[in-house]
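As they're listed, the protein sequences go chains A and B. Going by the UniProt record's numbering, the first sequence runs without a break in its numbering and finishes at 278. Going by the UniProt record's numbering, the second sequence runs without a break in its numbering and finishes at 300. C-beta: ideal position from N, C-alpha, C; glycine also. Just so you know, these numbers come straight off a predicted model, no measurement behind them.
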Amino acid sequence: MRLRRIPVISHAILLALTVSMLYPVAWMVASSFKESSSVFVDAASLIPNQWNFDNYINGWKGVAGVTFTTFFKNTFLVVGISTIGSVLSSAVIAFGFSRIRFRGRNLWFVCMMLTMLLPYEIVMVPQYILFNQFGWINTYLPLIIPTFFGTPFFVFLMMQFIRSIPYDLDEAAEIDGCNKFTTFVRIILPLILPAMMTCVIFSFYWRWDDFLAPLLYLNKVSLYTVSLAIKMFSDPDNVTDWGALFAMSTLSLIPVCAAFFAFQRYIVEGIHTSGLKG
Amino acid sequence: MATRKAGGYRNLTGYAFISPFLIGFFGLTVIPVAMTLYLSFTDYNMLRPPEWIGLEHYERMFTKDEKFWHSLRVTFFYTFTAVPLRLIVALAIAMLVAKIVRGAGFYRTVLYLPSIIGGSVAVAVMWRQLFGLEGAINTILKWLGLSGVSWLGDPKYAIWTLILLYGWQFGSSMLIFLAGLKNIPNDYYEAASVDGAGSVTMFFRITLPLLTPVILFNVVIQLINGFLAFTPAYVIFGDGRPLGATLMYVLYLFQNAFTFFDMGYASGMAWVLLVIVGLLTALIFKSSEYWVHYESKGDR
């Protein structure tokens with residue numbers, strides 16, 4: 001008897017919680033359709049008096065003469081290349097760690113796991129000095145190149161996945177004349193595609209949200225990523241057009257949300273197999 | 001002889017496969033970490049070559065720089081308020097979601113959404129407007145008959161907007177707790193209920209002890225994350241306004257490096273940060289002997 005009543009109460013609590021959790025997002029989306037002058041008149045309301053798309057048109061014009069077309073293009077470019085870089089290089093590294101028994105393997109594996117715990121802030125200053133000396137300021141290289149050296153979290157996730165693939169497959173491939181490299185490309189890579197997909201999703205939304213690195217390395221407005229553009233757009237001295245700001249903020253969240261709803265299965269799986277943060 | 005050759009070949013391929021990691025490890029981690037240590041003993045502003053000044057930065061940090069201590073206090077308060085809040089909410093909600101059958105997937109997805117978007121600039125911008133003087137939160141407070149508060153302008157409340165933003169993203173911790181809850185065999189609860197245990201007893205005697213490994217994991221990850229918080233504070237409050245109430249440690253480090261170009265001092269702060277995070281992690285792991293329950297121990 002007691003057990004039967006619990007779901008009703010649980011549902012009620014969860015529903016109330018869900019509504020209040022989503023309220024801020026709904027409020028932002030609603031505000032993006034309100035006339036700029038009325039955003040703060042009936043501040044808490046979720047339904048605009050009249051639907052107004054001007055904010056999107058005005059917002060898209062961007063800042064300092066650069067439109068959001070440029071900002072979105074820049075972001076997709078950086079996110080795309082760095083995602084490919086980090087997922088592919090991590091797959092190569094994961095194969096090395098899980099399928100080849102070489103000297104010092106455990107030592108390097110421990111080193112990799114330790115770098116996962118190392119805060120970026122520790123290497124932020126010297127990396128900036130180095131990239132500055134390479135002449136990489138105001139290029140995308142500081143955002144892209146580091147991803148090609150693998151991401152420990154992805155390596156770990158794919159290693160877990162590779163371990164579940166029977167080693168017999170590798171042996172059969174070797175008897176048929178494959179070396180380690182062709183075994184990797186022809187046998188393992190196609191089999192770990194689901195794990196790679198999980199990594200692609202994670203990488204996509206980490207990179208998309210990334211703010212600190214673009215803030216450090218990009219000073220020219222025409223190179224800005226969306227997150228940087230919105231930050232500049234929102235600076236109090238810059239803009240009082242709140243409606244346009246909300247419109248662009250809403251747009252900037254759409255790719256991440258779309259990817260999340262389309263591929264959430266992979267994300268939940270990733271958390272379950274690795275037990276790691278999201 | 002032949003086996004030795006094979007071993008050499010195997011080593012070579014192994015290192016070839018992990019070479020991307022090795023290059024990154026030395027180029028982007030080991031050398032920079034060493035550089036940070038060296039720079040922390042120098043005066044360096046990127047214009048002139050570094051000048052060796054020994055422990056002067058650390059001396060200034062510990063004895064003269066009031067802002068350094070202030071940012072530490074702010075960060076400790078933030079971390080040790082926001083992390084427990086987030087984890088307690090996450091656990092409570094995870095237990096609710098674990099109990100229901102229909103619609104669990106829906107709640108899992110929707111409640112996880114804030115974790116996906118929470119770190120973005122767009123959400124920080126939204127948060128600032130939400131908590132503005134005439135923003136939605138104050139309007140709702142007025143409806144409820146409470147008086148609004150200057151969330152962004154009053155040093156007493158400013159840090160709480162950041163704590164709430166962090167708590168709002170409890171979804172990722174909730175998912176990890178859910179995975180942990182699923183691993184607890186139902187037999188335990190059945191056996192306990194046969195013995196006459198109520199739900200409170202079951203929670204403290206079964207659920208909580210069996211979840212401790214997951215709690216440990218969550219605490220470590222979240223404490224590190226909390227200590228490194230930067231983007232929300234920077235986007236919402238800029239330079240630590242009001243009156244330095246939101247001057248997080250990393251924000252102050254960032255200011256030293258990229259506003260004042262005091263690279264040496266910032267490097268020293270980075271090393272202090274590393275030591276603090278390392279000590280915290282070590283302390284938690286050390287204490288885990290006393291409160292984390294590993295089931296397999298009994299079987300050995």
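DSSP three-state assignment for R300(B), whether helix, strand or coil: The pLDDT assigned to R300(B) is 35, lower than 50, so where the model puts this residue is not dependable; a value taken from the coordinates is nonetheless given after this. DSSP places R300(B) in coil when its eight states are reduced to three.
Starting from the C-beta of G267(B), find all residues in its chain whose C-beta is less than 7 Å away, skip the five residues before and the five after it, and write them out in chain order. It is worth fixing the name first, because residue 267(B) is Ser in this sequence and not Gly. In its chain, beyond the 5 residues on either side, T36, L39, S40 have a beta carbon closer than 7 Å to the beta carbon of S267(B).
Is T267(B) close to chain A, meaning its C-beta is less than 8 Å from at least one C-beta of that chain? For the sequence presented, residue 267(B) should be read as Ser rather than Thr. The Cβ of S267(B) sits closer than 8 Å to at least one Cβ of chain A.
Taking any Cβ of chain A, which residues in the region 35-60 of chain B have a Cβ under 8 Å from it, in chain order? So the close ones are M35, T36, L39, M46.
Kindly list the residues whose CB is nearer than 8 Å to the CB of L22(B), restricted to its own chain and excluding five residues on each side of it in sequence; keep chain order. So the qualifying residues of the chain are Y15.
Against chain A: residues of the region 108-133 of chain B by CB proximity under 8 Å: Those residues of the region 108-133 of chain B that come within reach of chain A (Cβ to Cβ, closer than 8 Å) are R108, T109, V110, L111, Y112, L113, P114, S115, I116, I117, G119, S120, V121, A122, V123, V125, M126, W127, R128, Q129, L130, G132.
Do F97(A) and R105(A) have their beta-carbon atoms positioned less than 8 Å apart in this structure? The Cβ atoms of R105(A) and F97(A) sit closer than 8 Å to each other.
Please state whether DSSP places D170(A) in a helix, a strand or coil. Looking at D170(A) - three-state DSSP - the assignment turns out to be helix.
Classification of G240(B) by the beta-carbon crowding that lies within 10 angstroms, buried from 16 upward: Answer is buried; the Cβ neighbour count reaches 16.
The region 143-152 of chain A / the region 111-118 of chain A touching (three or more Cβ pairs under 8 Å): A contact exists between the region 143-152 of chain A and the region 111-118 of chain A.
Under three-state DSSP, which class holds M1(A)? Residue confidence for M1(A) is low, a pLDDT of 39 falling below 50, so the modelled location carries little weight; the figure read from the coordinates is stated next. Here M1(A) sits in coil by DSSP.
Limits of the unbroken alpha helix (DSSP H) element including M126(B): Going by DSSP, M126(B) is part of the alpha helix (DSSP H) stretching over 121-130.
Is the region 68-82 of chain A touching the region 155-175 of chain A, taking contact as three or more C-beta pairs under 8 Å? Short answer: they don't touch.
For A90(B) and S172(B), I'd like the C-alpha separation in whole angstroms. Taking the Cα positions, A90(B) is about 8 Å away from S172(B).
Should P232(B) go down as buried or exposed, given a rule of 16 or more other Cβ atoms within 10 Å for buried? Around the CB of P232(B), 16 or more other CB atoms lie within 10 Å, so the residue is classed as buried.
In angstroms, rounded to a whole number, what distance separates the CA positions of T198(A) and V220(B)? Cα to Cα, T198(A) sits roughly 23 Å from V220(B).
Taking the alpha carbon of M174(B) as the reference point, which residue from M95(B), G278(B), W127(B) has its own alpha carbon closest? Ranking the options by Cα distance to M174(B), first place goes to M95(B).
Would you call the region 131-149 of chain A in contact with the region 202-218 of chain A, where contact means no fewer than 3 C-beta pairs closer than 8 Å? Taking 8 Å as the limit for Cβ pairs, the verdict is that the region 202-218 of chain A does touch the region 131-149 of chain A.
Below 8 Å on the Cβ atoms is my guess for N58(A) versus D241(A); work out the distance and round it to an integer in Å. Right, the Cβ-Cβ distance comes to about 6 Å (below 8 Å), so this counts as a contact.
Alpha carbon to alpha carbon, how far is P255(A) from A262(A)? Give it in angstroms, no decimals. Note on geometry: alpha-carbon atoms of A262(A) and P255(A) lie some 10 Å from one another.
Within 10 Å of its beta-carbon, does Y290(B) have 16 or more other beta-carbons around it, so buried, or fewer, so exposed? Looking at its Cβ environment, which holds fewer than 16 other Cβ atoms inside 10 Å, Y290(B) is exposed.
Which value, in whole angstroms, describes the spacing of the CA atoms of A64(A) and W52(B)? Their backbone Cα atoms lie some 42 Å apart in a straight line.
Applying a beta-carbon distance threshold of less than 7 Å, which residues of chain B neighbour F211(A)? Within chain B, the residues near F211(A) are V121, T231.
So F285(B) is in the alpha helix (DSSP H); what residue range does that whole segment cover? It spans 263-291 - the alpha helix (DSSP H) in which F285(B) sits, taken as one unbroken run.
Of all the CB atoms in chain B, is at least one closer than 8 Å to the CB of T69(A)? When Cβ-Cβ separations below 8 Å define contact, T69(A) makes no contact with chain B.
Please decide whether I122(A) counts as near chain B, where near means a Cβ-Cβ distance under 8 Å. Judged by the 8 Å Cβ criterion, I122(A) is in contact with chain B.
Local Cβ density within 10 Å of I201(A), reported as buried at 16 or more and exposed below that: Looking at its Cβ environment, which holds 16 or more other Cβ atoms inside 10 Å, I201(A) is buried.
Under a three-way DSSP split, which group does V74(B) fall into? Residue state for V74(B) is assigned as helix, using DSSP reduced to three classes.
Whose C-beta lies closer than 8 Å to the C-beta of residue 315(B) among residues of the same chain, with five residues either side of it excluded? A question about residue 315(B) goes unanswered here, because the residues of chain B that appear run from 1 up to 300.
Got a sec? Which residues, its chain only, sit under 7 Å from G119(B) by beta carbon, not counting five neighbours each side? Sequence-distant Cβ neighbours of G119(B) in its own chain, meaning closer than 7 Å and more than five residues away, are T231.
Option in L223(B), S150(B), P209(B) with minimal Cα separation from G167(B): For the residues L223(B), S150(B), P209(B), the minimum Cα distance to G167(B) belongs to L223(B).
Please look up how many angstroms separate the CB atoms of W108(A) and I18(B), rounded, as I've assumed it's under 8 Å. Contact annotation, W108(A) with I18(B): C-beta distance approximately 6 Å; criterion of less than 8 Å satisfied.
Name the chain E residues whose beta carbon is nearer than 8 Å to that of T29(B)? Absence of chain E from the displayed structure is noted, the protein chains being A and B.
For K34(A), count neighbouring C-beta atoms within 10 Å of its own C-beta (all shown protein chains included) and say buried if the count is 16 or more, exposed if not. K34(A) should be labelled buried.
Can you list the residues of chain B that W51(A) reaches, using a CB-CB cut of under 8 Å? Residues of chain B passing the Cβ test: none, with the nearest at roughly 19 Å.
Going along the chain, which residues of its own chain have a beta-carbon closer than 6 Å to the beta-carbon of A136(B), five neighbours each way excluded? Contacts found: L130.
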